[in-house]
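Working notes, beginning with the structure itself.
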Amino acid sequence: MGDGSRPHHPDHGLRDVLDPSAVPPVLASGHPRCSTRSVIGRFRLPRNRTGRGLALDTGDVAWVIAATALVMIMTPALGFFYGGLVRRKNLVSTIVQCLAIFAVVSLVWALWGYSLALGPSVLGGFVGDFSNVALNNVGYLPNPGYSNTIPELLYFAFQLKFAAITPALIIGAFAERIRFKSMLIFIVLWTTLIYAPIAHWNWAIGGWLKSLGVVDFAGGLVVHTAAGVSAVAAALVIGRRQGVEHLDARPNNVPYVILGASILWFGWFGFNAGSALAANELAVNALVVTNLAAAAAGVSWMLTDWLRKGKPSAVGLSVGAVCGLVAITPASGYVGPMPSIIIGLVAGVLCNLVASWRGRTKLDDSLDVFACHGAGGIWGTIATGLFASTLVNPAGPNGLVYGNPGLVGVQLLAVGVVVAFAFVGSYALLRVVNIFSPIRVTPGEEDAGLDVSQHGEEAYVPETTEGAPRD
């Protein structure tokens, strides 16, 4: 994921001036080189790329296209996962929030988000410049800083799916009480001012955390830690749900929870294995460890519930598997199968205990976003520092277990920086948005449910009106 972990990459510091004579007239696909176009007209051939030794690999291209599609399906899957957990009067609103976020962030990412997150560094590696705004300079040629074998336009599309699902994770913290318009404003600002810088620090050429040696293969820091901590800020700003102490906390639709978790598990193979950006052995390893960690966490959460509550829970198994997927995300390109099982087992128990602790506090993180994504992402980032091995990824570092304690140190530093930036930034953004557009619905709207009050729709047609003629 632009973290310098793929061994077929050249020196990622190269940003050579394009030599037109060095660009092959025929790409690996066999099609003559053609001008690419953007929404504002013709793409200029990138001035900061080199054509030497670059050729599209059709296998890599096909795999990353497939992985991009797999990651896309995770956002509606998240909608079903969250939608099954809320009360039925908020089911539609929860799912549509995820879909709306995907649509809005897609536009933000194309217009300026990609440039800020993954463009050439400015401000000491804090953020990208504006050279890729509106997809300028992003075309069919590879960007050797990220991959030699796929078009940068495909890399943009793959990264877009990560940018879209990350803010969608946050909505679980303010479920059942967020005003739709204010939520959209917050998401645009959060993607621009929180997600883009954090992505740049960790994944971009010249990103300052990446330059320190921090590794995050597929988003334990950038996606999950950032979203989990932002969820805490959101829950604090928006406040607790009305009468939360007396609410029936049972999910309205357990099959939706299971369905959502299952599709998330499926899509996560693209999330992690696709981050190799190639159809190679690293992608295979990422796929295998992703499955093992999810399975281990699902089992350990289920067993923890069984011991504490006397019965295994279908929801617990589903949530636990997602926690394992979160925890293995930063490590999937660096650790082997056996460490991935350890990572998953710990994640299931840890996230379960964090969720239980949260339930005893005044914090109304409605769907335990921090317990799953915050705690899971932090644990996975630290675990990468423990179990990373050059036997798995020759281009990556060794971790503590393999003789390099320094990696744990830089991983902990990265956790601290991302936690502080995401929390403070999200808290401030929500306070500012609330000045211009109240972020919380009125008590009456909350009581009626967001499906009706925000969208004028219901998930289930009342039996008394089924079959009634439409006006």
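Here the sequence shown is numbered in the working numbering, starting from 12 and rising by one per residue. Every residue, glycine too, gets a C-beta built ideally from N, C-alpha and C.
Item checked: Member of 363, 70, 434 and 226 whose CA lies at the smallest distance from the CA of residue 161 -> 70
Check: Where does residue 443 land, buried or exposed, given buried means 16+ other C-beta within 10 angstroms?
Finding: exposed
Check: For residue 453, is the classification buried or exposed, using 16 other Cβ atoms within 10 angstroms of its Cβ as the cut-off for buried?
Finding: exposed
Note to self: For residue 209, list the residues DSSP reports as bridge partners.
What the structure shows: Its beta-bridge partners do not exist; DSSP assigns none.
Check: From 400, 416, 255 and 198, pick the residue whose C-alpha is nearest to that of residue 371; which is it?
Finding: 255
Checklist line | Per DSSP, cross-strand counterpart(s) of residue 139 | finding: 132
Next item on the list: Assign residue 339 to one of three DSSP states: helix, strand, or coil.
Entry: helix
Margin query: Would residue 171 and residue 76 be called neighbours here (beta carbons separated by less than 8 angstroms)?
Written below: no
Next item on the list: Classify residue 55 as buried or exposed, calling it buried when 16 or more other Cβ atoms lie within 10 Å of its own Cβ.
Entry: Annotation note: pLDDT 43 at residue 55 (below 50); position unreliable, no value reported.
Next item on the list: Go to residue 346, then tell me how far its alpha helix (DSSP H) extends in each direction, as first and last residue.
Entry: Looking at the DSSP string, residue 346 is not in any alpha helix (DSSP H), and its letter there is neither H nor E.
Check: By the 10 Å Cβ neighbour count, where 16 or more other Cβ atoms means buried, how is residue 471 classified, buried or exposed?
Finding: exposed
Check: When you compare only the Cα positions, how much space is there between residue 332 and residue 87?
Finding: 18 angstroms
Margin query: Give me the residue from 125, 153 and 349 with the minimum Cα distance to residue 209.
Written below: 125
Margin query: Bridge partners for residue 451 per DSSP, in chain order?
Written below: 189
Notebook entry, point to check: At which residue ranges does the region 416–464 contain complete alpha helix (DSSP H) runs of 4 or more residues, listed in the order of the chain?
Noted result: 417–447 and 454–459
Note to self: Can you tell me whether residue 85 is buried or exposed? The criterion is at least 16 other CB atoms within 10 Å of its CB, across all chains shown.
What the structure shows: buried
Check: Expressed to the nearest angstrom, what Euclidean distance is found between the alpha-carbon atoms of residue 231 and residue 473?
Finding: 42 angstroms
Item checked: For residue 80, the nearest candidate out of 286, 338, 395 and 360 (CA to CA) -> 286
Note to self: Quick check on DSSP: helix, strand or coil for residue 357?
What the structure shows: helix
Checklist line | Own chain partners of residue 189 with C-beta closer than 8 angstroms, once the 5 adjacent residues on each side are dropped | finding: 108, 182, 249, 450, 451, 452 and 461
Next item on the list: Could you tell me if residue 458 is buried or exposed, where buried requires 16 or more neighbouring beta carbons within 10 angstroms of its beta carbon?
Entry: exposed
Check: At which residues does the alpha helix (DSSP H) containing residue 163 begin and terminate?
Finding: 163–181
Next item on the list: Decide if residue 67 is buried, meaning its Cβ has at least 16 other Cβ atoms within 10 Å, or exposed.
Entry: buried
Check: Does DSSP put residue 157 in a helix, a strand or coil?
Finding: coil
Item checked: Host alpha helix (DSSP H) of residue 377 (start-end) -> Counting along the chain, residue 377 falls outside any alpha helix (DSSP H), and DSSP gives it neither H nor E.
Item checked: Whole-angstrom distance between residue 340 and residue 361, CA atom to CA atom -> 16 angstroms
Next item on the list: Kindly list the residues whose CB is nearer than 7 angstroms to the CB of residue 11, restricted to its own chain and excluding five residues on each side of it in sequence; keep chain order.
Entry: The shown model of the chain, from 12 to 482, leaves out residue 11, and the question about it has no answer.
Next item on the list: Output the boundary residues of the alpha helix (DSSP H) element that contains residue 93.
Entry: 85–96
Notebook entry, point to check: Cβ of residue 303 within 8 angstroms of Cβ of residue 280?
Noted result: no
Next item on the list: Can you give me the Cβ contacts of residue 144 inside the same chain, cut-off strictly under 6 angstroms, excluding the 5 residues immediately before and after it?
Entry: 123 and 126
Check: Buried or exposed: residue 62, going by 16 or more other Cβ atoms within 10 Å of its Cβ?
Finding: Unreliable positioning characterises residue 62 in this predicted model, as indicated by a pLDDT of 49, which lies under 50. The coordinate reading is nonetheless provided below. Under this definition residue 62 is a buried residue.
Item checked: residue 83 burial status per 10 Å Cβ neighbour count (16 or more: buried) -> buried
Note to self: Please state the DSSP three-state secondary structure of residue 266.
What the structure shows: helix
Margin query: At the level of alpha carbons, what is the spacing between residue 128 and residue 216?
Written below: 10 angstroms
Note to self: Using a Cβ distance threshold of 8 angstroms, determine whether the region 343–351 contacts the region 374–387, with at least three qualifying pairs required.
What the structure shows: no
Item checked: Member of 185, 315 and 168 whose CA lies at the smallest distance from the CA of residue 5 -> Examination of residue 5 is not possible in this model, given that the chain is present from 12 through 482 alone.
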